[in-house]
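Trainee: Chains as they are written, first to last, in full-length UniProt numbering: chain A, 1 to 375; chain B, 1 to 287.
The beta carbon of each residue, even a glycine, is placed where N, CA and C say it ideally should be.
Values in this document were obtained by computation on a predicted structure and should not be read as measured data.
One structure is given below, represented as structure tokens, and several questions about it will come after.
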Amino acid sequence: MDFGFDSHQSRLRARVRAVLATPGVRRAIDDLAAGAGEPDERPLYRAIGAAGVLAPDWPAEFGGLDGGPMSVAVVAEELSRAGVPDTLHINTVQIVGSVLRAIGTADQQRRWLPRFAGGERFACVLYTEPEAGSDLAALTTRAEPVPGGYRVSGTKIYSLKAALCDVALAAVRTGDPASRYDGITLVLIDLHAPGVRATRIPSLADEHFHRVDLDAVFVPESDVLGAPGAGWAALTTALAMERTGLDYALKAARWYDTARGGLTPGDAADSLADLGRHGASADAARLLAWAALARLEEDRFDPVFAAMAKLHTSESAAAVAEWGAALRGAATAPTTGPARCLESAWREAPGLTISAGVSEVMLELIAGSLSGSAR
Amino acid sequence: MRPLPDALQDELRAALRQALRGVPPRGDVHDLLGRLGLHGLEIAPAAGGLGLGLSYGVVVAEELGRVAACDTYRSGCLAAETGPAAAAGVAAGARPPATAPPPAGGALVRARIRQAAYLVGLAAGAHDLAVRRSGERHQFGRPIAAFQATGFALAADLVRIEEVRLLTAYAAWLADRDAAGSPDSAAAQPRAWPPADGEPDLAAIQALAAAAEAATGVTRRALHLHGTYGLTGDAAIQHYYRLAGTEATRWGQPAALWRAAGHRRLASAPDTEHTTAVLAAAGKGER
């Protein structure tokens, strides 16, 4: 086992740090921290994206640095430490970008990937529906064939950042509504197109959700991802590949450091064992995420290991947030410093064990791999 | 960065698992390890060993724990650290003394990491038995493993074992890296944000504390899933439970280890007047 970053990865780390230290980027980060309500991170991402470090694992022709999955960890760690919010980046580059790289046509990749990597265009996902939450096979948004493409109608909910995004990766039904798994198709939806309406759903967390109503939105054939009707397999693969746990592990580490830094002499003696325990679980979260990424790097993706990483990292981050809140009391809604970060973390925490695969589904996947034989 | 077993670790694990098959719980494996030439695995070549380092030693210790062996590997490595003469004897297959003075410094760090690996093995071995047994026991016409109350518990324990295995492997890697000395080029690289603050001492303490709690918790649940049979003298699982109880506290009680880990976390926080005041309030007596 090797837990050391190689010289290539260390150079990348130095490069990202240099980008994050430039006055324009620094100012954009400070502006976000100073603003009230949910911030618009697009100017910040434009500034970082111009330096070419947002998609290090993509080929250079798409604005990447030809690195492997582990280079994603280096960049994500540095962005997290600098206080750059992660949702737009994860959705655009790691989720929608990865699906495009896996099943997009050459034309689709050329059209979107360089603009995602450059921080010029942003993407979100439209999977969940009012009657299809964790059970995506129940989705009902219809895509009716019309000359040159489809007309898509339906309602998607719980989409993050939809109001800031240009394009959405949506799962829609092109086949027989009676079939659960056949006939699901992945399409790119232009969020500026006629018939798209995004409304805000307030959330406990700082980032609000959106309901996106699609009323006969035209989707050209050139915006269909993969074979029509074969979206289920692509969707389940994409969801499983998201489960490296990296983003949750970085939240655990950042919140842990914030809580540690905010301890007062009055807390110290009572907090030693908790400092030890939560430190270990935040460390283990990062080690699990690295191990999941290393499997991706060697094309040894293992959905059960990914489920273990998702479960552990999200539960650890939530536990750290709970501890951080208990140190100060979360009800006072502080406006500055570590107390503000920890109060915000406490409101974000319950979502972590729900998004990208709820903990019970992860346990089900792991338990299923055990039955019958000793591992 | 490649936090996956390397080819030699895989080979070592497979060979040991094969060789240890059929060894009864609490069996004496000293001679068996000697035939495999493993007593000197971590001992320097100058003293007749293989000089492979703790990253390979933890594989041996874990596999020994997996069969609940009464081994001389851990005590042999410790004895070998007292001097070249002792090291040569251990590498040549001499039995280490039954009792030894408590280790300190780097020897304690390495002993804790080996101990953590042995406890990971105990937990993993007990978990294997529990998975097999819960696939065979039936209730309401189904194997008990098919019920979520059972399956989820086994799944959560598997995650816990993987967590502690990684904490232990990371601690071993840090200890090996420090023993080898950092190359000059490393100093020029930007300091990362390493787990356990990059300190082998802290990494060893937290790996051992987590492994001790995982071993006692996982073996208890595994015994529970065996039903009353698990309590009987015939059941292998009760040996895992007993061994976890005695081995968990060998190099410190978990509660004390967690406090010590917490103290080190405070000590490595950015050095400010505030940090100094917090540390002073936390008590200087912690180690």
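What residue range does the beta strand (DSSP E) around F209(A) cover?
Mentor: Its beta strand (DSSP E) spans residues 209-220.
Trainee: Just grab the DSSP bridge partners of Y150(A) for me.
Mentor: In the DSSP output, where bridge partners are listed per residue, Y150(A) has P145(A), V219(A).
Trainee: Helix, strand or coil for Q238(B), going by three-state DSSP, please let me know.
Mentor: Here Q238(B) sits in helix by DSSP.
Trainee: Verify the CB distance criterion: does D201(B) have a CB-CB separation below 8 Å to chain A?
Mentor: Closer than 8 Å: no.
Trainee: May I have a chain-ordered list of the alpha helix (DSSP H) segments no shorter than 4 residues that lie completely inside the segment 38-122 of chain A?
Mentor: If we require 4 residues or more, the alpha helix (DSSP H) runs fully inside the segment 38-122 of chain A come out as 42-49, 69-81, 98-103, 106-117.
Trainee: How would you list, in chain order, the residues of chain E whose beta-carbon sits under 7 Å from the beta-carbon of Y170(B)?
Mentor: Among the protein chains in the structure shown, which are A and B, there is no chain E.
Trainee: Using a beta-carbon distance below 8 Å, is I354(A) in contact with chain B?
Mentor: For I354(A), the answer is no, since every Cβ of chain B falls outside 8 Å of its Cβ.
Trainee: Using a C-beta to C-beta distance shorter than 7 Å, which residues of chain B count as neighbours of L263(A)?
Mentor: Per Cβ cutoff of 7 Å: V278.
Trainee: Please tell me whether M70(A) has its Cβ less than 8 Å away from any Cβ of chain B.
Mentor: Chain B contact via Cβ: present.
Trainee: Could one say the Cβ of G151(B) lies closer than 8 Å to chain A's Cβ atoms, at least one of them?
Mentor: Judged by the 8 Å Cβ criterion, G151(B) is in contact with chain A.
Trainee: Would R287(B) count as contacting chain A if we go by Cβ distances under 8 Å?
Mentor: Reliability of the predicted coordinates at R287(B) is poor, the pLDDT of 49 falling under 50, and the value obtained from them is presented with this limitation in mind. Chain A contact via Cβ: absent.
Trainee: By the three-class DSSP mapping on this structure, what secondary structure does P23(A) have?
Mentor: Helix, per DSSP.
Trainee: If you run the structure through DSSP and keep just helix, strand and coil, what is L139(A)?
Mentor: Of the three classes helix, strand and coil, the one that applies to L139(A) here is coil, per DSSP.
Trainee: Could you compute how far the alpha carbon of A259(A) sits from the alpha carbon of P228(A)?
Mentor: Each residue's Cα considered, the two are about 49 Å apart.
Trainee: Considering only their Cβ atoms, is the gap separating A117(B) from T168(B) smaller than 8 Å?
Mentor: Going by C-beta atoms, T168(B) is nearer than 8 Å to A117(B).
Trainee: Contact check, S80(A) vs R254(A) under 8 Å by CB: the rounded distance?
Mentor: The pair is a contact, with the Cβ atoms about 6 Å apart (cut-off 8 Å).
Trainee: CA-CA distance, R375(A) and A123(B)?
Mentor: Caution is warranted here: a pLDDT of 35 is assigned to R375(A), below 50, making its placement in the model unreliable, and no coordinate value can be reported.
Trainee: Under three-state DSSP, which class holds C341(A)?
Mentor: C341(A): helix per DSSP, three-state reduction.
Trainee: When DSSP builds the beta bridges, which residues end up paired with H138(B)?
Mentor: DSSP, once it has assigned bridges, lists P143(B) as partnering H138(B).
Trainee: Along the beta strand (DSSP E) that carries I201(A), what are the first and last residues, could you check?
Mentor: It spans 196-201 - the beta strand (DSSP E) in which I201(A) sits, taken as one unbroken run.
Trainee: Tell me which same chain residues have a C-beta within less than 6 Å of the C-beta of G118(A), skipping the five on either side of it?
Mentor: The answer, listed in chain order, is G49, G63.
Trainee: Report the rounded CA-to-CA distance for R110(B) versus D213(A), giving the unit in angstroms.
Mentor: Those two C-alpha atoms are separated by around 60 Å.
Trainee: Just verifying my parser: in three-state terms, what is the DSSP assignment at L38(B)?
Mentor: Coil.
Trainee: So V58(B) and R114(B) are supposed to be a Cβ contact under 8 Å. How far apart are they, rounded?
Mentor: Confirmed, about 7 Å.
Trainee: Quick one: Cα of A267(B) to Cα of Y229(B), how far?
Mentor: Taking the straight line from one Cα to the other gives about 49 Å.
Trainee: Return the residues of the segment 54-83 of chain A that lie within a Cβ-Cβ distance of less than 7 Å from chain B, sorted by chain order.
Mentor: Here the close residues are M70, E77, R81.
Trainee: Taking the beta carbon of S222(A) as the centre, do at least 16 other beta carbons fall within 10 Å, making it buried, or is it exposed?
Mentor: That one is exposed.
Trainee: Under 8 Å between C-beta atoms, does A319(A) make it to chain B?
Mentor: Closer than 8 Å: no.
Trainee: Counting only C-beta atoms, is A7(B) closer than 8 Å to chain A at any point?
Mentor: No - not a single Cβ of chain A is within 8 Å of the one on A7(B).
Trainee: Please classify S373(A) as buried or exposed, where buried requires at least 16 other C-beta atoms within 10 Å of its C-beta.
Mentor: Residue placement at S373(A) cannot be trusted, given a pLDDT of 42 that sits under 50; what the coordinates show is reported in the next sentence. Flag for S373(A) reads exposed.
Trainee: Please decide whether M308(A) counts as near chain B, where near means a Cβ-Cβ distance under 8 Å.
Mentor: Closer than 8 Å: yes.
Trainee: 8 Å is my cut-off, CB to CB: does D135(A) come that close to chain B?
Mentor: So, not an interface residue.
Trainee: How many Å lie between V67(B) and V218(B) at the Cα?
Mentor: So the alpha carbons of these two residues sit roughly 15 Å apart.
Trainee: Among D176(A), G83(A), A171(A), T244(A), which has the Cα closest to the Cα of G357(A)?
Mentor: If we check each option's Cα against that of G357(A), T244(A) comes out closest.
Trainee: Can you check whether the CB of S55(B) is closer than 8 Å to the CB of A172(B)?
Mentor: Going by C-beta atoms, A172(B) is nearer than 8 Å to S55(B).
Trainee: Quick check for students: name the residue ranges of the alpha helix (DSSP H) that lie wholly in the segment 266-333 of chain A, counting only runs of 4 or more.
Mentor: The qualifying runs are 303-328.
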